[in-house]
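Asks: Pasting in a structure now, in structure tokens, and then I'll have a few things to ask.
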Amino acid sequence: MNNEKVHENEIIVTADGSHTVHSNMFNCSFHSLNGAIQESRHIFIENGIDYFVKKTGCHTISVLEYGFGTGLNAILSYLYGIDHKISLIFDSIEAYPLDFNTIRKLNYAQLLGIQDSLILQFHENKINDQICESFKLNLHKQKFEDFLVDQQFDVIFFDAFGPDDQPTLWERPFLDHLAKMTHSNSILLTYSVKGSFKRALKSLGFSVEKLPGPPGKREILRATKI
Ligand SMILES: C[S@@+](CC[C@H](N)C(=O)[O-])C[C@H]1O[C@@H](n2cnc3c(N)ncnc32)[C@H](O)[C@@H]1O
């Protein structure tokens, strides 16, 4: 693996050739080292947005992401919207945005066939940023714990660091807060299938299912609000 030191973060090349970032603040990587793009596509796009579109037939979907990070999930969602003629309103929360030196070094533009300037635009911290006709980005530069809006989202990308690193985010009462921003049929996707997390979601009115994970990860979780 080629590692390149950049300020407080380190860029790592994962097994599918796509970059991830190792956060020195949290001492964790943003994605699986088995493949960042592969993991994001599998969990959040195929088992999240694509599943929701096929299940509901909706052509306009609202997404709330916990943890904007590199912006990879947002960029893959944007590309999905274009390919499938789906409009997305994408809200994402991030309290510790990456510095632009790190963002400029990420290889997502090259691997996904998009302009470098588009990647930078995703990180500009704007609300109501109409990136293209079918994709509106609202980037909320604040802590997850402080984010509460009077809106119910269709799809939640729960992409905080793991339950061992950020335990309170995977428990009630934090999850009560999140559940207020869901409606009946909202879905939540994440990469952890921890038992206490599943029980907390069930107690908040979600049904939970374990799904096969991307290469290198046995299972992932999808929860549906009943
Ligand atoms: C696993 S990474 C997210 C990866 C991201 N979805 C991507 O596509 O690159 C988790 C992110 O959550 C952010 N974060 C951690 N704790 C937070 C908190 N309490 N409030 C807001 N952001 C937080 C981190 O800075 C990090 O960017």
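For reference, each letter of the sequence shown is one residue, going 54 to 279 in the numbering used here.
We put the CB at the ideal spot given by N, CA and C, even for glycine.
It should be emphasised that the depicted structure is a prediction, and the values quoted were computed from it without experimental measurement.
Rounding to the nearest angstrom, what Cα-Cα distance links Asn62 and Ser85 in this structure?
Replies: 16 Å
Asks: Could you spell out the range, first to last residue, of the alpha helix (DSSP H) harbouring Val261?
Replies: Val261 -> not in any alpha helix (DSSP H); beta strand (DSSP E) instead, spanning Phe259 to Pro265.
Asks: Just how far apart, CA to CA, sit Thr73 and Ser260?
Replies: 31 Å
Asks: Would Val202 and Ile240 qualify as a contact pair, given that the criterion is a beta-carbon distance under 8 Å?
Replies: no
Asks: Tyr119 to Asn80, Cα distance in whole Å?
Replies: 18 Å
Asks: So is the beta-carbon of Lys196 under 7 Å away from any non-hydrogen atom of ligand 1?
Replies: For Lys196, the CB falls within less than 7 Å of some heavy atom of ligand 1.
Asks: Is the beta carbon of Phe83 within less than 7 Å of some heavy atom of ligand 1?
Replies: yes
Asks: What does DSSP give as the partner residue(s) for Ser140 in the beta ladder?
Replies: Thr113
Asks: Here's the rule I'm using: 16 or more other beta-carbon atoms within 10 Å means buried, otherwise exposed. How should Gly134 be labelled?
Replies: buried
Asks: Judging by CA-CA distance, which residue of Leu132, Ala232, Phe97 and Asn126 is the nearest neighbour of Leu192?
Replies: Asn126
Asks: Between the beta-carbon of Ile279 and the beta-carbon of Ser237, is there less than 8 Å?
Replies: It is a contact, given that the beta carbons lie within the stated cut-off.
Asks: Alpha carbon to alpha carbon, how far is Ile102 from Gly166? Give it in angstroms, no decimals.
Replies: 21 Å
Asks: Alpha carbon to alpha carbon, how far is Lys196 from Arg271?
Replies: 30 Å
Asks: Identify every run of the alpha helix (DSSP H) within the segment 224-256, keeping only runs that are complete inside it and at least 4 residues long; order them along the chain.
Replies: Correct list: 227-232 and 248-256.
Asks: Residue range of the beta strand (DSSP E) that Asp69 falls in?
Replies: Per DSSP, Asp69 belongs to no beta strand (DSSP E) and is neither H nor E.
Asks: Please state whether DSSP places Ile209 in a helix, a strand or coil.
Replies: strand
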